[in-house]
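Order-wise, the sequence lines are chains P and D.
Counted the way the working numbering counts, the first sequence spans residues 10 to 146.
Counted the way the working numbering counts, the second sequence spans residues 5 to 154.
To start, the structure itself, in structure tokens.
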Amino acid sequence: MVNMYDFQVGMSLPERRHEPSNVSLFLYNAAIWNAHRIHYDESYTTKVEKHPGVVVDGPLQGDWLTQVVLNWIGDGGNIVEFEYSNRRASYLGETLISGGKIEAVRPDEGEVEVSLFVKTEQGDVTAPGRAVVRLHR
Amino acid sequence: MALITEAARGMIGTSDPPMRVEVTRRDIVKYSVATEQQQEKFLSGDEAPPMFLFGALRPVVPIGALGPDGIPASSLTPDLPLKRFMAGGTKTRYFRPVRPGDVLVATRSLTDLYEKRGSQGDLIFLIYKVDVRTEAGERIAEEVQTRIAR
């Protein structure tokens, strides 16, 4: 059981490195039934849609953001609100890092609000997000 | 910029027919493996990760109905001068986790269209609202989805 009073605004959530591959992107797009060619057809992606490389799915990065929260809170709570946006495209071959920090603690509601990010190794945020966790009491 | 025609704007407020989805443990396990989940409840398929819904509610259409980009023509995609689409993001309220055996009914509506000039050119934002309940009417999630045409 987590204790709300252990949480302080500004506390960081554990970071995680992601190295998507052709295989992991294939499996992800198969699992979500997405045939958009920018996620597996390099020639089409660069020549027709003019990206510099195969595109790492934005919603996959969104999922990583939820995992930052879920792996931190474990069975101590549920995500009740979550949002993210694709700030910039990221491409196969890039290493991405997910993480976040506590923005607000609301003991009366039993809720913690966190800001989240996926960023490149150079520090450019590709997918910012926000979540509200309701703790089990 | 006047990229959005009156005909396109006229689609705001329209909805797809409700979509019915039977959730299986195997679907949850596949999603959890593909997204490299670390919680046992997801990897075993006992519970679906929150964003499982994003994939579970995507349309499944015949291959011949996919465009040259691999994307299905959506009845809720207006005719726009910008033809390349990207996922923009989502904002979701979750009421309870999805589990194997759940039968979900989702209703998707086009709620807004607007244009912006981005650093790399014009963009059109398509905003959808998705309401997800069980067949019995229990609320599962409510989501606002953004797609970007560029």
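C-beta atoms are modelled at their ideal positions from N, C-alpha and C, and glycine is treated no differently.
Report task. Please report the residue range of the alpha helix (DSSP H) in which D/I32 lies. Result -> Here residue 32 of chain D refers to the residue found at position 28 when the second sequence is read from its first residue. Residues R29 to A38.
Query raised in the report: Run through DSSP, which three-state label would P/R96 get?
Result: Looking up residue 96 of chain P in the first sequence gives position 87. It is coil, neither helix nor strand.
Query raised in the report: From the beta carbon of P/L36, is the nearest beta carbon of chain D less than 8 angstroms away?
Result: Counting from one through the first sequence, the residue named residue 36 of chain P turns up at place 27. Yes, contact with chain D.
Query raised in the report: Between which two residues does the beta strand (DSSP E) harbouring D/F58 extend?
Result: Reading the second sequence from its first residue, position 54 is the one you call residue 58 of chain D. That residue, D/F58, is in no beta strand (DSSP E); its alpha helix (DSSP H) goes F56 to A60.
Requested in this report: Give the residues of chain P in contact with D/L70, contact being defined as C-beta atoms less than 8 angstroms apart.
Outcome: Counted from its first residue, the second sequence places residue 70 of chain D at position 66. In chain order: A44.
Requested in this report: Could you tell me whether any Cβ in chain D is nearer than 8 angstroms to the Cβ of P/G102?
Outcome: Position 93 of the first sequence, counted from the start, is the residue given in the question as residue 102 of chain P. So, not an interface residue.
Query raised in the report: Under a three-way DSSP split, which group does D/D73 fall into?
Result: Here residue 73 of chain D refers to the residue found at position 69 when the second sequence is read from its first residue. Here D/D73 sits in coil by DSSP.
Report task. Alpha carbon to alpha carbon, how far is P/Q76 from D/I32? Give it in angstroms, no decimals. Result -> As a first step, residue 32 of chain D must be located in the second sequence, where it is residue number 28. As a first step, residue 76 of chain P must be located in the first sequence, where it is residue number 67. D/I32 and P/Q76: Cα-Cα distance of roughly 15 angstroms.
Query raised in the report: Taking the alpha helix (DSSP H) that D/Y132 falls in, what are its first and last residues?
Result: Translated into the one-based positions of the second sequence, residue 132 of chain D becomes position 128. First-last for D/Y132: G125 to T138, but that is the beta strand (DSSP E), not the alpha helix (DSSP H).
Query raised in the report: Relative to the C-alpha of D/L127, which residue among D/A91, D/A38, D/Q41 and D/G68 is closest?
Result: Translated into positions along the second sequence, residue 127 of chain D becomes position 123. Taking only the C-alpha atoms, the option nearest D/L127 is D/A91.
**Report entry** Integer-rounded CB distance, given that D/D50 should sit under 8 angstroms from D/R103
**Finding:** As a working note, residue 103 of chain D is residue 99 in the second sequence. As a working note, residue 50 of chain D is residue 46 in the second sequence. 7 angstroms between Cβ atoms; contact.
Query raised in the report: Hey, is D/M15's beta-carbon within less than 8 angstroms of any beta-carbon in chain P?
Result: Locating residue 15 of chain D in the second sequence gives position 11, where the first residue counts as 1. No, D/M15 lies away from the interface with chain P (no Cβ there is under 8 angstroms from its Cβ).
Query - Unbroken stretches of the alpha helix (DSSP H), 4 residues or longer, contained in the region 52-83 of chain P - result: Qualifying alpha helix (DSSP H) stretches, in chain order: 67-82.
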